[in-house]
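Participant: I'd like to ask some things about the structure below.
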């Protein structure tokens, strides 16, 4: 029978030879769990984590308290999972910064899909764009239900001025997988466009990410519609 040490070494050798694509999801989780407890067998805990959360991404996004509900997973085991998750986020953000933004909602979707697709809570993020059309920073402004009580235009505009941003892209996810905008999504976007126009900051888009699909306010002509509505309202005063 293969020993625990031999099994862990086999997994490491398998990774070094074939990369992560040669692994089943539970084997990836098992490796992460053993980072915190290298002398323990974590196979059953890894399998239970996949059964409980369904996907590898959902395991990575799970709260510490949820992971620890699985028998045999303690604070040391959670360390490996959270470390890899946060390193991945930082890496993806570094890849995104200073890139030139095209007039393509698909490109923005590709940047952020990996970090948002498994989130079970809605996250409202803002990309700050400079005069060279480059992404200079990204920040999460709300986590939970995205509505007018959670997204504050004043805070977003203040951050935009601090970053010296010329334009903005808003992004949030729908955990249901359906990216269709709600009436609340439309009202928030209109309010943000109005507020940004006052400060002479351009809103390029608001992208809602679903399950391998997205909705772009710019592509559907809604950003332009809100800008024209703002100008008409302004001219009537």
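Residue numbers (this note's numbering): 866 to 1102. Think of the CB as a built atom: it goes at the ideal place given N, C-alpha and C, for glycine as much as any other residue. What you are looking at is a predicted structure, and each value in this text was computed from that prediction instead of being measured.
#1: Run through DSSP, which three-state label would residue 1065 get?
#2: Just to confirm the assignment: which complete alpha helix (DSSP H) runs, minimum length 4, are found wholly within the stretch 908-948?
#3: Compare the Cα-Cα distances from residue 950 to each of 974, 935, 922 and 896 and report the closest residue.
#4: Bridge partners for residue 1033 per DSSP, in chain order?
#5: Just checking, does the stretch 1041-1050 make contact with the stretch 1017-1029 on the three C-beta pairs under 8 Å criterion?
#6: One question on the structure: do residue 969 and residue 998 come within less than 9 Å of each other, judged by their Cβ atoms?
#7: Any idea what DSSP makes of residue 1041, helix, strand or coil?
#8: Tell me which residue opens and which closes the alpha helix (DSSP H) that residue 899 is part of.
#9: Using a threshold of 9 Å, state whether the C-beta atoms of residue 1092 and residue 1062 are closer than that.
#10: Suppose the cutoff is 7 Å on Cβ atoms and the five residues either side in sequence are ignored; what does the same chain contact list for residue 1083 look like?
#11: With a CB to CB cut of under 6 Å and the five nearest residues on each side skipped, what residues in its chain are close to residue 1189?
#12: Going straight from the alpha carbon of residue 1088 to that of residue 1055, what length do you get?
#13: Are the beta-carbon atoms belonging to residue 924 and residue 952 less than 9 Å from one another?
#14: For residue 867 and residue 932, what's the separation of their Cα atoms in angstroms?
#15: Measure the C-alpha to C-alpha separation of residue 1015 and residue 1003 and round it to an integer number of angstroms.
#16: Throw me the rounded Cβ distance for the residue 896 and residue 876 pair, which I believe falls under 8 Å.
#17: Taking the alpha-carbon positions, what's the residue 911 to residue 927 distance?
#18: Determine the DSSP secondary structure at residue 986, reduced to helix, strand or coil.
#19: Do residue 929 and residue 954 have their C-beta atoms within less than 9 Å of each other?
#20: If distances are taken between C-alpha atoms only, which option among 1041, 920 and 939 comes closest to residue 907?
#21: Could you please give the first and the last residue of the uninterrupted alpha helix (DSSP H) stretch that includes residue 1025?
#22: With distances taken Cα to Cα, identify the nearest neighbour of residue 1039 among 958, 994, 984 and 1007.
Facilitator: On the basis of the coordinates in this document:
#1: coil
#2: 908-918, 921-926 and 929-932
#3: 922
#4: 993 and 1068
#5: no
#6: no
#7: In this structure, residue 1041 counts as coil in the three-state DSSP scheme.
#8: 890-901
#9: Cβ atoms of residue 1092 and residue 1062: closer than 9 Å.
#10: So the list reads 970, 1069 and 1070, once near-sequence residues are dropped.
#11: Only positions 866 to 1102 of the chain appear in the structure, and residue 1189 is not among them; the question remains open.
#12: 8 Å
#13: no
#14: Since pLDDT at residue 867 reaches only 47, below the 50 mark, its modelled position is unreliable, and the value read off the structure follows with that caveat. If I take the Cα positions, the gap works out to 27 Å.
#15: Residue 1003 has its alpha-carbon roughly 18 Å from the corresponding atom of residue 1015.
#16: 6 Å
#17: C-alpha of residue 911 to C-alpha of residue 927: approximately 13 Å in a straight line.
#18: In this structure, residue 986 counts as coil in the three-state DSSP scheme.
#19: No.
#20: 939
#21: 1018-1028
#22: Distances from the alpha-carbon of residue 1039 to those of 958, 994, 984 and 1007 put 984 closest.
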